[in-house]
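J.: Numbering (the working numbering), first residue to last: -13 to 477. Backbone N, C-alpha and C define an ideal beta-carbon position, used for all residues, glycine too. Quantities reported herein were computed from a predicted structural model and do not represent experimental measurements.
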Ligand code: MCA
Ligand code: AMP
């Protein structure tokens, strides 16, 4: 994005990184120098893929915006991933340069050496600002975010500058972002929720973002109690954790923190279904009526409860401006009656361009120009309600979308595993928890602890099964396919 940073008040504080603050003016200067370093004398990166492994910090913002301004495609990597997971991202996207920090270099240096990908520290790359920055046509690729799905390996979702601008502008208007807003950012910065809804909306609106490399409820709540923030966005798991945390505190402290939340102008929940108990629990404690919205990596935000008006518990509201929504039933017909379920299909300027290097997956995810989300919803009395997903192979745990197939493939490499099926089981904290049902070879034994230990370094920690059942055989239908829904009842 050429000017994804607000330029109206250069003296305003854009970022708080620990105790250090960065104004919009200072950030813009650093980003220009980064773009200059990345260009290294050339006129344009021409959609060259530049990945970065950078924790939430000013360096993250400089890397993201520097790549955008130099005409590259920015690929933010998950700081919690394992080497095989990073390798998939780097090779499938044809990454030619990687940016990192002193703190994270050690974990990825060996991989970059093996793949012959040049690696540099963010602060080393910056040079003098370039004489000219490339002119970026809106339809050019800007970012690749990896998302899990019904395939074993995550797919790279390519969004253009125009998609990103639409995703940001829609939310700035819908949720009334202001330059005096202040928001904490503890969500991972390799997903749309953290990158677009929090970071990019705030920086476009001229607001202030407090970068937090990790969710630390105690430190966060200290600031909330001091009325530092005006807006708060999180996944339902975090609201569950906050409710538990606040209820365990002594009354006086809990009241101060609840008052801090109560004084904010907006609390948003998304990335997974917000249970009605959580919605009501949050209202009881803080007085805040959560605004629940629905989105997806491929489409940005599509449905939202109103900023002004009734926010209905258990519902995700109505289409955001410029978003068209259809519900399509199992027979492929348009649902025209209320209370009849159908798959959500979307047309919108926010919808992504393609899955990187996977024309087949891109084509099959659209029908007649509509993006098929795989989520099932109903329309009831003016509001959409999400009922679930069409695939049992997608699990939503703590807001992360996980592929059961990816986890199964990894577990099949375990020397004692003959067969395995992975399912998501209902969980109060995580929404769904990853559970594995395995058939073992010979007389081998397995416990959750031994399985977790084996998975360490193979799968990101949040993908590792939390529950395990060892069975003699997996239930299959007449076609030989494992009947996954029946497995959920084992837990
Ligand atoms: C951490 N753990 C998890 C998860 N997170 N287990 C399952 N699912 C998870 N999501 C496990 C760790 O492996 C560890 O296990 C233990 O919990 C403690 O880890 P820790 O990192 O300390 O946990 P935490 O800091 O409390 O993390 C929970 C979290 C995090 C903050 C809720 O999961 C998170 O940031 N989730 C948000 C994801 C997100 O932003 N998704 C947006 C994508 P052990 O103790 O066994 O080692 S969706 C999206 O972008 C679309 C567009 C949308 O609609 O928003
Ligand atoms: P991701 O691909 O990680 O962007 O996750 C997108 C998915 O999260 C959607 O396809 C939905 O299944 C789910 N999701 C996001 N927001 C909500 C919500 N408010 N309620 C239910 N599911 C949601």
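1. Do the region 225 to 235 and the region 82 to 94 make contact, defined as three or more Cβ pairs closer than 8 Å?
2. On a Cα-Cα basis, can you pick out the residue from 268, 256, 364 that is closest to residue 240?
3. Of the residues 33, 38, 291, which one's Cα is nearest the Cα of residue 160?
4. Mind checking who residue 39 pairs with in its DSSP beta bridge?
5. So, with DSSP's three-state summary, where would you put residue 423?
6. Do residue 106 and residue 35 have their beta-carbon atoms positioned less than 8 Å apart in this structure?
7. Between residue 166 and residue 215, what straight-line distance do the alpha-carbon atoms span, to the nearest angstrom?
8. By how many angstroms is the C-alpha of residue 248 removed from the C-alpha of residue 305?
9. For residue 74, does the three-state DSSP call read helix, strand or coil?
10. Do you know whose CA, among 40, 350, 463, lies nearest residue 200's CA?
11. Quickly, what does DSSP pair residue 170 with across the bridge? List them, please.
12. Please look up how many angstroms separate the CB atoms of residue 154 and residue 134, rounded, as I've assumed it's under 8 Å.
13. Taking the DSSP output, what are the residues bridged to residue 7?
14. With a threshold of 7 Å on Cβ separation, who are the neighbours of residue 127 within its own chain once the five nearest residues in sequence on each side are excluded?
15. Just list the beta strand (DSSP E) runs in the region 322 to 384, keeping only unbroken ones of 3 residues or longer that don't cross its boundaries, in chain order.
16. Can you list, in chain order, the residues of its chain with a C-beta nearer than 8 Å to that of residue 9? Leave out the 5 residues immediately preceding and following it.
17. Got a sec: does the ligand MCA put a non-hydrogen atom nearer than 7 Å to the Cβ of residue 223?
18. Give me the residue from 157, 330, 451 with the minimum Cα distance to residue 365.
19. Is it the case that the Cβ atoms of residue 23 and residue 111 are separated by a distance below 8 Å?
20. For residue 285 and residue 75, what's the separation of their Cα atoms in angstroms?
21. Using only alpha-carbon positions, find the residue among 318, 333, 314 that is nearest to residue 324.
22. Going by DSSP, what residue range makes up the alpha helix (DSSP H) through residue 301?
23. Return helix, strand or coil for residue 289, following the three-state DSSP convention.
24. Does the beta-carbon of residue 223 have 16 or more other beta-carbons within 10 angstroms, so that it is buried, or is it exposed?
25. Does residue 363 pass the burial test, meaning 16 or more other C-beta atoms within 10 Å, or should it be called exposed?
26. Just the Cα atoms here: how many angstroms apart are residue 14 and residue 263?
27. Please give me, in chain order, every unbroken run of the beta strand (DSSP E) with length at least 3 that falls completely inside the region 401 to 463.
28. Do the region 381 to 394 and the region 449 to 457 touch if we need at least three Cβ pairs shorter than 8 Å?
29. Rounding to the nearest angstrom, what Cα-Cα distance links residue 132 and residue 191 in this structure?
30. With which residues is residue 311 paired in a DSSP beta bridge?
31. Which residues bound the beta strand (DSSP E) around residue 279?
32. Leaving out five residues before and five after residue 53 in sequence, what residues of the same chain have Cβ atoms less than 6 Å from its Cβ?
33. My output table needs one value for residue 44: the three-state DSSP class, helix, strand or coil.
34. How is residue 253 classed by DSSP in three states: helix, strand or coil?
35. Give a yes or no on whether the C-beta atoms belonging to residue 108 and residue 162 are separated by under 8 Å.
T.: Reading off the structure:
1. With a cut-off of 8 Å, the region 82 to 94 and the region 225 to 235 do not count as touching, because too few Cβ pairs lie within range.
2. Taking the first residue of the chain shown as position 1, residue 240 is located at position 254. Of the candidates 268, 256, 364, the one whose C-alpha sits nearest the C-alpha of residue 240 is 268.
3. To locate residue 160, count along the chain shown from 1; it is residue 174. Of the candidates 33, 38, 291, the one whose C-alpha sits nearest the C-alpha of residue 160 is 291.
4. Looking up residue 39 in the chain shown gives position 53. BP columns for residue 39 point to 86.
5. Here residue 423 refers to the residue found at position 437 when the chain shown is read from its first residue. Here residue 423 sits in strand by DSSP.
6. On the chain shown, position 49 is the one that residue 35 refers to. On the chain shown, position 120 is the one that residue 106 refers to. No; because the gap between Cβ atoms is not below 8 Å, this pair is not in contact.
7. Locating residue 166 in the chain shown gives position 180, where the first residue counts as 1. Locating residue 215 in the chain shown gives position 229, where the first residue counts as 1. C-alpha separation (whole angstroms): 10 Å.
8. Here residue 305 refers to the residue found at position 319 of the chain shown. Here residue 248 refers to the residue found at position 262 of the chain shown. Distance between the alpha carbons of residue 305 and residue 248 is about 27 Å.
9. In the chain shown, counting from the first residue as 1, residue 74 sits at position 88. Judged by DSSP in its simplified three-state form, residue 74 adopts helix.
10. In the chain shown, counting from the first residue as 1, residue 200 sits at position 214. When only C-alpha atoms are compared, the closest one is 40.
11. Taking the chain shown and counting its residues from 1, one reaches residue 170 at position 184. Residue 170 is bridged to 196.
12. Your numbering for residue 154 matches position 168 in the chain shown. Your numbering for residue 134 matches position 148 in the chain shown. That belief does not hold up - the Cβ atoms of residue 154 and residue 134 are roughly 24 Å apart, past 8 Å.
13. Here residue 7 corresponds to residue number 21 of the chain shown, with the count starting at 1. Paired residues: 2.
14. For the purposes of this step, residue 127 is taken as residue 141 along the chain shown, with counting starting at 1. Here the set comprises 33, 59, 144, 146, 339.
15. Listed in chain order, the complete beta strand (DSSP E) runs (minimum 3 residues) inside the region 322 to 384 are 328 to 333, 356 to 366, 369 to 375, 380 to 383.
16. To locate residue 9, count along the chain shown from 1; it is residue 23. Within the same chain, residue 9 has close Cβ partners -4, -3, -2, -1, 0.
17. For the purposes of this step, residue 223 is identified with residue 237 of the chain shown, where counting begins at 1. It does: the Cβ of residue 223 is within 7 Å (strictly closer) of some heavy atom of the ligand MCA.
18. To locate residue 365, count along the chain shown from 1; it is residue 379. When only C-alpha atoms are compared, the closest one is 330.
19. Taking the first residue of the chain shown as 1, we reach residue 23 at position 37. Taking the first residue of the chain shown as 1, we reach residue 111 at position 125. Against a cut-off of 8 Å, the Cβ pair of residue 111 and residue 23 comes out as a contact.
20. Mapped onto the chain shown, residue 285 falls at position 299. Mapped onto the chain shown, residue 75 falls at position 89. Residue 285 and residue 75: Cα-Cα distance of roughly 20 Å.
21. Counting from 1 along the chain shown, the entry for residue 324 is found at position 338. Considering only alpha carbons, the answer is 314.
22. Within the chain shown, residue 301 is the residue found at index 315, counting from 1. Run containing residue 301: none; DSSP gives neither H nor E here.
23. Position 303 of the chain shown holds residue 289. DSSP places residue 289 in strand when its eight states are reduced to three.
24. Position 237 of the chain shown holds residue 223. So residue 223 counts as buried.
25. Taking the chain shown and counting its residues from 1, the one referred to as residue 363 is at position 377. Classification for residue 363: buried.
26. Position 28 of the chain shown holds residue 14. Position 277 of the chain shown holds residue 263. Going by the C-alpha atoms only, they are around 43 Å apart.
27. Within the region 401 to 463, the complete beta strand (DSSP E) segments of 3 residues or longer fall at 403 to 413, 417 to 426, 453 to 456, listed in chain order.
28. A contact between stretches requires three or more CB pairs, one per stretch, nearer than 8 Å, and the region 381 to 394 meets this requirement with the region 449 to 457.
29. Position 146 of the chain shown holds residue 132. Position 205 of the chain shown holds residue 191. If you take the alpha carbons of residue 132 and residue 191, they lie about 26 Å apart.
30. Within the chain shown, the letter at position 325 stands for residue 311. For residue 311, the pairing in a beta bridge is given by DSSP as 332.
31. Counted from its first residue, the chain shown places residue 279 at position 293. Looking at the DSSP string, the run of the beta strand (DSSP E) that includes residue 279 is 277 to 282.
32. Counting from 1 along the chain shown, the entry for residue 53 is found at position 67. Result list for residue 53: 36, 60, in chain order.
33. The residue given as residue 44 occupies position 58 in the chain shown. Note: residue 44 maps to helix in three-state DSSP.
34. The residue labelled residue 253 in the question sits at position 267 within the chain shown. In the structure shown, residue 253 falls within a strand segment according to DSSP collapsed to helix, strand and coil.
35. Mapped onto the chain shown, residue 108 falls at position 122. Mapped onto the chain shown, residue 162 falls at position 176. For residue 108 and residue 162, no; Cβs fall outside 8 Å.
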